[in-house]
Structure formats: C-alpha cells, structure tokens
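The block underneath contains the structure these notes are about, expressed in structure tokens.
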Amino acid sequence: MGPSSMRLGFATLDRLPRSVRRPAYDRSRVTPGIVHLGLGAFHRAHQAVVVDDCLAAGAASWGIVGASLRSPDTRDALAPQDHLYTVAVRAAEGTEHRVIGALLDSVVARENPAALVERMADPAIRIVSLTVTEKGYCHTPQTGDLDERHPDVVHDLNNFDAPRSAPGFIVAALARRRALGALPFTVLCCDNLAANGHTVQRIVTQFAALRSRDLGKWIADNAAFPSTMVDRIVPETTDSDRDAVANALGVRDAWPVITEPFTQWVVEDRFTAGRPNLAAAGVELVTDVKPFELMKLRLLNASHSALAYLGYLSGYETIADSMQDPHFARLAARVMEDAAVTLTMPAGTDLAAYRASLLRRFANPALHHRTWQIAMDGSQKLPQRLLGAMQDRLARNLPIATHALAVAGWMRYVTATDEQGRAIDVRDPLAAELAALTREAGPVAERLAPALLGVQKVFGPLGSEPPLREAVTTALARLYRDGARRAVETLVSA
Ligand code: CS2
Numbered sequence: 008m009g010p011s012s013m014r015l016g017f018a019t020l021d022r023l024p025r026s027v028r029r030p031a032y033d034r035s036r037v038t039p040g041i042v043h044l045g046l047g048a049f050h051r052a053h054q055a056v057v058v059d060d061c062l063a064a065g066a067a068s069w070g071i072v073g074a075s076l077r078s079p080d081t082r083d084a085l086a087p088q089d090h091l092y093t094v095a096v097r098a099a100e101g102t103e104h105r106v107i108g109a110l111l112d113s114v115v116a117r118e119n120p121a122a123l124v125e126r127m128a129d130p131a132i133r134i135v136s137l138t139v140t141e142k143g144y145c146h147t148p149q150t151g152d153l154d155e156r157h158p159d160v161v162h163d164l165n166n167f168d169a170p171r172s173a174p175g176f177i178v179a180a181l182a183r184r185r186a187l188g189a190l191p192f193t194v195l196c197c198d199n200l201a202a203n204g205h206t207v208q209r210i211v212t213q214f215a216a217l218r219s220r221d222l223g224k225w226i227a228d229n230a231a232f233p234s235t236m237v238d239r240i241v242p243e244t245t246d247s248d249r250d251a252v253a254n255a256l257g258v259r260d261a262w263p264v265i266t267e268p269f270t271q272w273v274v275e276d277r278f279t280a281g282r283p284n285l286a287a288a289g290v291e292l293v294t295d296v297k298p299f300e301l302m303k304l305r306l307l308n309a310s311h312s313a314l315a316y317l318g319y320l321s322g323y324e325t326i327a328d329s330m331q332d333p334h335f336a337r338l339a340a341r342v343m344e345d346a347a348v349t350l351t352m353p354a355g356t357d358l359a360a361y362r363a364s365l366l367r368r369f370a371n372p373a374l375h376h377r378t379w380q381i382a383m384d385g386s387q388k389l390p391q392r393l394l395g396a397m398q399d400r401l402a403r404n405l406p407i408a409t410h411a412l413a414v415a416g417w418m419r420y421v422t423a424t425d426e427q428g429r430a431i432d433v434r435d436p437l438a439a440e441l442a443a444l445t446r447e448a449g450p451v452a453e454r455l456a457p458a459l460l461g462v463q464k465v466f467g468p469l470g471s472e473p474p475l476r477e478a479v480t481t482a483l484a485r486l487y488r489d490g491a492r493r494a495v496e497t498l499v500s501a
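Here the working numbering runs 7 ahead of the position in the sequence shown, where the first position is 1.
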C-alpha cells in the first residue's frame, strides 16, 4: 500500500515525520470559545493558526467550532480526521508542514440552522469570527448598507430562528443571548471590506432593527465589532496539492491548506467578553485599524485585482506567472505607487518596504494562485480596492490612468469572452445583471464603459464623474484595440 492509504487523525499523529509540527497541547482539554462562520481555506491558514499558538500557550478555553454556511464538503472531509488538518507553507526554498488542532468541531449551517444559533448563544462562546467573503454580508458594496432586498435577508427576516446568511445568524444568536441575559459575543470580521468592523456593525444593527428597534439598539449599545486587517495569500487547494501533502506526511489529509510564509493580523482591541492573548501569538493589537486596512486593500488587493483581470486576459494562469512578465510586475508596482499617495499612515510605517515585500510575495513561484480565483466577485471588490483610491486621486487632480486600466480590465473580463473568443467563467453575484448590460452594449468601449459605470451598487455617484468616465472609456478602448498585454506594456512604458 502507498503512503497515502492511512488518514490523518489522532491515531496517526505519532506516525508523522519529525519535521511536521503538530499540536503542542493536550487537545482533549480544549473547549470551544470561538464560533467561526465561513470555514474556508483562508480561516484555516490564518486565524486558526494563531488560535493554535494561543492553545499551545495554555489558553485552553479558546478552541474553534467552525461553520460552513452552505456546503458540507469541509465538514465531510474534516470530521473523519478529528478536524485535524495540515497547513503547508510554501516558499521557493521549500515547504514546511504543520498540523493544526484548533478546530474542534464543524457544522453545516444549512443542515440545522437552529442548532448553530443555539451554539452561538452559548455564553462559553465569546467571539464569533467571520470569513464569508465580501458577498457574504448581504450589503451594497458601494455604500456599506444592508441590502434589504437581498433574498437571504428577506428569507432570514421571515425565518428568524432558522437563518441562512451571516448577518441573520449573528442577529438571531445575539437576540437569544439578550433573552438569556448573557453578554454579547464580540463579532470579529476577517474579510477584506473597508472598515470591516464598522461596516459589519452597521449591517448587523440595520438587520436587527428591521426585526425590532429594541434589539437593534441593544446590539448597537452592547456588542463590539472590532475592525481587523487580515493578510495571508491562500490559493485554493488542488488535488495535486493534496498528493504533495500526503507524500510529505505519509498519511492522507483530505483538506489541507496551502499558503505562503507571510502572515499578518492587525486587530482593534475592543472585545466585550474577553479574548485569548493574541499579542503573544503575533497579532498586532491597535486602537485604530483603518490605516492598515486601507493600506492593505489599496496596495495588496488592488494590485492583485489588476493582475488578475489584465493577467487573465493576457493568458497568465497565476499571479506568479504574470509577475514573470516585467511589464506586469511594473503594473503591480504602479498600482501601489499611485495608491500610496492616498494613504495616511501612522509614523514609523515603511510603505516602500511594504510595497517591495508585496512584489516579492506575488512572485513566489511555489504558490499556484490563479488569476481566475482573484477575478471572482469583482463587483464586491472594486469599490474598496480601486475606486476609493481613484476618488482620492481625482480630488487631488492626479491622473488615474493606471487604476482606470484595471477597472477596464474588469469590464473586459465580465463580458465573459476572452481575447481569443473563448468563454470566461465569470463568478459574481451580479453576473446576470452585468451579462445583460454587456450584451446590450456590445464590444464597443464607448457604449460598454458608460453602461457598466452606471451600475450604482458598484460605482455610485463616482460612475458619473466625467474624468473617471473618460479615463475608463479610453482604457477600455485600448484593451479592445491592442489587447491586454500591449495595453499594459504601453501604460507602464509611458
Ligand atoms: C485576493 C485576496 O482573492 C482575492 O481577491 O486578493 O484573497 C488576497 O489573497 C488576500 O487578501 C491576501 O491577504
């Protein structure tokens, strides 16, 4: 039998090679203190690793119960292996493997929503953290307000105790705790939204107020929603990644995560019901996360999206592939340079060093981070990544050609036909609306750009600013005329 015939789990931990790090604590004594909504790869490679360090330092009441909102895949893969899984940290020099024990249990919200609400209402749970992606908050990305007409919101208001959406679960569980006389948990958003804690607070209190004014007020007065800046690049795990991990471990792990050496978590220190000693696990606790969040969104995520759309259109499968093209490496640097002037950072922040480190991380040849993956959900990402910086630059009369080319890249991408005439698998909550608009406009920049700039949920009033219209239309015309590779080359050579 091959090395992969046995499964990772308690029973096989002792058989792992010595080089593989494993939980350095007695897991049978760990109890849950955190419910995490959105049990994807990012959470397991980022917050769960920090919690694993906290557990190793003795904080035994802070284990994690993970909830997938919809798909049973993660639970089905992890339950047979005692919720143990591997984090494979890949650098050009090689890979380090670590088995994480912080996740104690997992549930699938959709299978039994009321049970998850009960679990979140348990006073032993003091933090509810979230990675449900930008679209998981049922809000309008442009304004940050709850989208009251979102089908999940409508559903959840009519099925209060059996919700479907992340805000629905939080409000139902907080209502339960209020009825029990328990403290609210701290809501810890770990998604790439602008001012993520404030935004989620607004969404949740707006949702609660639709149910009852008193509940909305109680949440606004008593619950804490610290903002956080989270950063670690975590590509989707593939079958070949699973094989590589099995080879390194000598046992099979059905659900490993692949990531880079870099990791960063900056958190506002406002918790209503306690927290583990995060600082000892490398978390930066600050009073105001906003500058760090903007820095990350406008430098890392903005250039990521620019590389994703323009790189995909140019035939680059991964971010690292695109970074091998010197013009694309310069494009990423240019997006960062243009965004940097819109940031006001606390003294001591070295933005130039940060930018240089981002370029190195993007070029990591050991990570297979697909441009297609990052291109997903653009309608939810553009405002905080690209549009805010454009608005700030316009206010200072600075040119916006670089960002305009990235936005035009998104427009060209959502037409769902690539430069060779092949179909693009566009994933976006607004995909149907975008497809209708692009079909109607046709492949003509002068029609397509204004049509898409008119999508209020994405662009808001900025979409009708003449200088923005002009810059984006010009960039889109160039994409149609020259193709993405030439357009990028022309831009960075100017
Ligand atoms: C990426 C992010 O998929 C995306 O949109 O830009 O997931 C990015 O990898 C992380 O924010 C890095 O911390």
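Built from N, CA and C at the ideal position, the CB exists for glycine as well. Since we're looking at a predicted model, the values are computed, not measured.
Ignore the nearest five residues each way along the sequence and tell me which others in residue i's own chain have a CB closer than 7 Å to its CB.
{"i": "Pro10", "result": "With a pLDDT of 49 at Pro10, under the threshold of 50, the modelled position of this residue cannot be trusted; read the value that follows with caution. Contacts found: Ala253, Asn254 and Gly257."}
{"i": "Val207", "result": "Tyr144, Val194, Cys196 and Phe232"}
{"i": "Ala354", "result": "none"}
{"i": "Thr349", "result": "Arg305, Ala396, Asp399 and Arg400"}
{"i": "Glu324", "result": "Arg377 and Thr378"}
Please report the residue range of the alpha helix (DSSP H) in which residue i lies.
{"i": "Gly70", "result": "Not the alpha helix (DSSP H): Gly70 falls in the beta strand (DSSP E), residues Gly70 to Ser75."}
{"i": "Pro30", "result": "Run containing Pro30: none; DSSP gives neither H nor E here."}
{"i": "Trp272", "result": "Where Trp272 is concerned, there is no enclosing alpha helix (DSSP H), although the beta strand (DSSP E) it sits in stretches over Gln271 to Glu275."}
{"i": "Thr7", "result": "Outside the displayed range of the chain (8 to 501) lies residue 7, so it cannot be described from this structure."}
{"i": "His50", "result": "Ala48 to Ala52"}
{"i": "Ile519", "result": "A question about residue 519 goes unanswered here, because the residues of the chain that appear run from 8 up to 501."}
{"i": "Val499", "result": "Ala491 to Ser500"}
{"i": "Leu301", "result": "Lys297 to Met302"}
{"i": "Ile177", "result": "Ala173 to Leu187"}
{"i": "Val161", "result": "Pro158 to Asn165"}
{"i": "Glu125", "result": "Pro120 to Ala128"}
Between which residues of its own chain and residue i is the CB-CB distance below 6 Å, once the five residues before and five after are set aside?
{"i": "Asp489", "result": "none"}
{"i": "Ala482", "result": "Ala411, Leu412 and Ala415"}
{"i": "Gln271", "result": "Asp238"}
{"i": "Ala448", "result": "Arg454, Leu455 and Ala458"}
{"i": "Glu300", "result": "Met236"}
{"i": "Ser68", "result": "Thr38 and Gly40"}
{"i": "Ala286", "result": "Leu292"}
{"i": "Gly204", "result": "Cys196, Phe232, Pro233 and Ser234"}
{"i": "Arg117", "result": "Arg77"}
{"i": "Ala484", "result": "Ala452"}
{"i": "Gly467", "result": "Gln149"}
Which two residues bound the contiguous beta strand (DSSP E) that contains residue i?
{"i": "Pro39", "result": "Pro39 to Leu44"}
{"i": "Cys196", "result": "Thr193 to Cys196"}
{"i": "His104", "result": "Gly101 to Ile107"}
{"i": "Ala98", "result": "Tyr92 to Ala98"}
{"i": "Asp80", "result": "Counting along the chain, Asp80 falls outside any beta strand (DSSP E), though it belongs to the alpha helix (DSSP H) covering Asp80 to Leu85."}
{"i": "Asp112", "result": "Leu110 to Val115"}
{"i": "Ile381", "result": "Per DSSP, Ile381 belongs to no beta strand (DSSP E); it is in the alpha helix (DSSP H), Thr378 to Ala382."}
{"i": "Arg445", "result": "The question names Arg, but residue 445 in the sequence shown is Thr. That residue, Thr445, is in no beta strand (DSSP E); its alpha helix (DSSP H) goes Ala438 to Ala448."}
{"i": "Thr266", "result": "Val264 to Thr266"}
{"i": "Glu155", "result": "Neither: Glu155 is in no beta strand (DSSP E) and is coded neither H nor E."}
Just to confirm, are residue i and residue j a CB contact at a threshold of 9 Å?
{"i": "Ala443", "j": "Ala423", "result": "no"}
{"i": "Asp384", "j": "Glu141", "result": "yes"}
{"i": "Thr244", "j": "Pro268", "result": "no"}
{"i": "Trp225", "j": "Arg185", "result": "yes"}
{"i": "Leu154", "j": "Val160", "result": "The sequence as given places Asp at residue 154; Leu does not occur at that position. Their beta carbons are under 9 Å apart, which means Asp154 touches Val160 by this criterion."}
{"i": "Phe192", "j": "Leu181", "result": "yes"}
{"i": "Arg392", "j": "Ser312", "result": "yes"}
{"i": "Arg97", "j": "Ile265", "result": "yes"}
{"i": "Ala382", "j": "Ala315", "result": "yes"}
{"i": "Leu365", "j": "Leu307", "result": "yes"}
{"i": "Pro120", "j": "Phe49", "result": "no"}
{"i": "Ser386", "j": "Pro148", "result": "yes"}
{"i": "Ile132", "j": "Val211", "result": "no"}
{"i": "Ala215", "j": "Pro87", "result": "no"}
{"i": "Leu317", "j": "Val135", "result": "no"}
{"i": "Leu190", "j": "Ala99", "result": "no"}
Which residues in the same chain as residue i place their Cβ atom closer than 8 Å to its Cβ, once the five residues preceding and following it in sequence are excluded?
{"i": "Met8", "result": "In this prediction, Met8 scores a pLDDT of 43, lower than 50, which makes its location untrustworthy; the coordinate-derived value is nonetheless stated afterwards. Once the five neighbours on either side are set aside, Met8 has no close Cβ partner at all."}
{"i": "Thr294", "result": "Glu275 and Asp276"}
{"i": "Thr19", "result": "Met13 and Val258"}
Quiz item: Given 8 Å as the limit, is there contact between the stretch 229-244 and the stretch 151-168, that is, 3 or more CB pairs closer than that?
Solution: The stretch 229-244 vs the stretch 151-168: no contact.
Quiz prompt | At least three beta-carbon pairs within less than 8 Å, the stretch 31-47 to the stretch 98-111 | solution = A contact exists between the stretch 31-47 and the stretch 98-111.
Self-check item: Validate contact between the stretch 112-119 and the stretch 138-157 using beta carbons, cut 8 Å, 3 pairs
Solution: Three or more Cβ pairs closer than 8 Å define a contact, and the stretch 112-119 falls short of that threshold against the stretch 138-157.
Self-check item: Inter-stretch contact (C-beta, 8 Å, three-pair minimum) for the stretch 19-31 and the stretch 67-78
Solution: Here the stretch 19-31 does not lie against the stretch 67-78, with fewer than 3 beta-carbon pairs under 8 Å apart.
Quiz item: Does the pairing of the stretch 121-133 with the stretch 299-315 give three or more beta-carbon distances under 8 Å?
Solution: As far as the Cβ criterion goes, the stretch 121-133 does not touch the stretch 299-315, which means the pair count is below three.
Quiz item: Is there contact here, the stretch 90-109 with the stretch 56-65, by at least three beta-carbon pairs under 8 Å?
Solution: The answer is yes - the stretch 56-65 touches the stretch 90-109, with three or more Cβ pairs under 8 Å.
Exercise. Say whether the stretch 351-359 touches the stretch 394-413, bearing in mind that this needs 3 or more beta-carbon pairs closer than 8 Å, one atom from each stretch.
Key: Taking one beta carbon from each stretch, the stretch 351-359 and the stretch 394-413 have fewer than 3 pairs nearer than 8 Å; the two do not touch.
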